[in-house]
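Here it is, written out as structure tokens:
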């Protein structure tokens with residue numbers, strides 16, 4: 001395969017104990033086979049072996065006051081591996097959320113990740129508003145798990161994202177998993193109306209569980225707002241399959257480059 005520039009817009013790097021607990025949840029609750037049980041260096045080396053030169057690494061937590069420790073860990077990872085571009089974890093019940101967000105943005109973090117399903121919270125919960133105000137002021141990104149992927153969940157509705165797009169126009173928002181399986185059309189309608197919304201392809205492209213024939217038209221018509229992401233390593237198939245499917249669509253070099261890295265660079269504030 002020709003060497004291409006690729007940024008993976010949806011990667012999870014976590015301390016080993018936490019990562020193993022997440023693997024167990026997927027194995028026990030969804031009967032997934034989790035093939036990527038590496039150490040930190042192994043994860044990064046694997047992605048680099050696929051031609052991925054940078055990765056947006058998304059932290060998330062399920063309990064209050066876990067975020068600072070995880071964010072410090074991610075900061076250390078970033079210092080050792082400059083190809084790691086971290087987004088900090090914030091829980092709705094954290095104390096001094098605004099202070100923590102400013103601190104880690106100053107350390108080079110590029111935004112915030114909120115996992116609505118894991119955190120059992122709506123994206124428009126007022127407890128996050130001080131965080132959103134900072135992101136809007138700094139024109140930084142918010143990555144939202146805003147759909148029922150991989151399992152159905154409450155707390156997750158496109159109308160919540162619409163409220164944020166209107167209330168915080170300076171804040172960039174990326175919705176994971178193209179909003180699938182339930183809300184792709186709703187999010188595409190929002191993309192038509194708001195310039196500060198992107199969607200990523202995590203756990204969708206190349207996934208043998210899904211019939212992805214309709215994806216080519218989505219990528220063709222919304223190229224400038226789609227960011228390639230894998231969900232690695234919390235997945236049960238190789239991200240190489242995601243890249244293979246993307247190239248199989250024959251979108252052309254210009255559109256492929258937008259999806260593979262240019263849109264991610266814009267979302268990260270480098271475009």
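In UniProt numbering, the protein residues as written are 1 to 271.
Where a beta carbon is used, it is the ideal one built from N, C-alpha and C, also for glycine.
Predicted model, so just to flag it, every value in this text is computed and none were measured.
Looking at the backbone, the Cα of residue 227 and that of residue 60 are separated by about 20 Å.
In the DSSP assignment, residue 111 falls outside any alpha helix (DSSP H) and within the unbroken beta strand (DSSP E) covering 111-115.
In this structure, the alpha-carbon of residue 64 lies about 38 Å from that of residue 211. Remark: three or more beta-carbon pairs, one from each stretch, lie closer than 8 Å, so the segment 136-154 and the segment 262-271 are flagged as touching. Here residue 187 is buried. Its C-beta has 16 or more other C-beta atoms within 10 Å. Spatial neighbours of residue 105 in its own chain (CB-CB distance under 7 Å, excluding positions within 5 residues in sequence) are listed in chain order as 138 and 140. Around the beta carbon of residue 165, a 10 Å sphere encloses 16 or more other beta carbons of the protein chains shown; the residue is thus reported as buried.
Judged by DSSP in its simplified three-state form, residue 174 adopts strand. Spanning the alpha carbons of residue 265 and residue 23 requires a straight line of approximately 30 Å. Taking the C-beta atoms as reference points, residue 239 is found no nearer than 7 Å to residue 247. Counting the other CB atoms within 10 Å of its CB gives residue 57 a total of 16 or more, which places it among the buried residues. Excluding its 5 nearest sequence neighbours in each direction, residue 54 has C-beta neighbours in its own chain below 7 Å: 7, 83 and 85, listed in chain order.
The Cβ-Cβ distance between residue 182 and residue 148 falls below 7 Å.
For residue 54, no alpha helix (DSSP H) encloses it; the enclosing beta strand (DSSP E) starts and ends at 52-58.
When rounded, the separation of the alpha-carbon atoms in residue 134 and residue 167 is 13 Å. Considered as a whole, the segment 67-112 harbours 84-89 as its complete beta strand (DSSP E) runs of no fewer than 3 residues, in chain order. Excluding five sequence positions before and after residue 251, the CB atoms of its chain that fall closer than 8 Å to its own CB belong to 216, 219, 220, 223 and 259, given in chain order. Assignment of residue 9 by DSSP, reduced to helix, strand and coil, places it in the strand class.
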